[in-house]
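Comments concern the structure below.
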Amino acid sequence: MSKATTSGKSRPRLLLEIGVVLCCKLAFIFGLWYFFFGPDKRIEQTPENVASGILMRADRTADVSN
């Protein structure tokens, strides 16, 4: 019977540790997103920007094949 009471006491501590680890991981992932993929890092996509990017790639491949 002493084993049952001992494991029952350690369970809230285990749940607390798991919760803390999950919160730390979520904070770390959010930090990565914010600093590397956040809204201020996005490039404005207009039809002109997309077309110039595609045409520049086509020009480079045409130069290489000639």
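Numbering (the working numbering), first residue to last: 36 to 101. Idealized CB from N, CA, C, for every residue including glycine.
C-alpha gap between residue i and residue j, whole angstroms
{"i": "residue 92", "j": "residue 63", "result": "36 Å"}
{"i": "residue 49", "j": "residue 56", "result": "11 Å"}
{"i": "residue 86", "j": "residue 80", "result": "10 Å"}
{"i": "residue 75", "j": "residue 46", "result": "43 Å"}
{"i": "residue 70", "j": "residue 90", "result": "31 Å"}
{"i": "residue 189", "j": "residue 60", "result": "Outside the displayed span of the chain (36 to 101) sits residue 189, for which this structure offers no information."}
{"i": "residue 68", "j": "residue 77", "result": "12 Å"}
Point to revise | Within the region 49 to 74, ranges of the beta strand (DSSP E) (whole runs, at least 3 residues) | key: DSSP runs (the beta strand (DSSP E)) wholly in the region 49 to 74: none.
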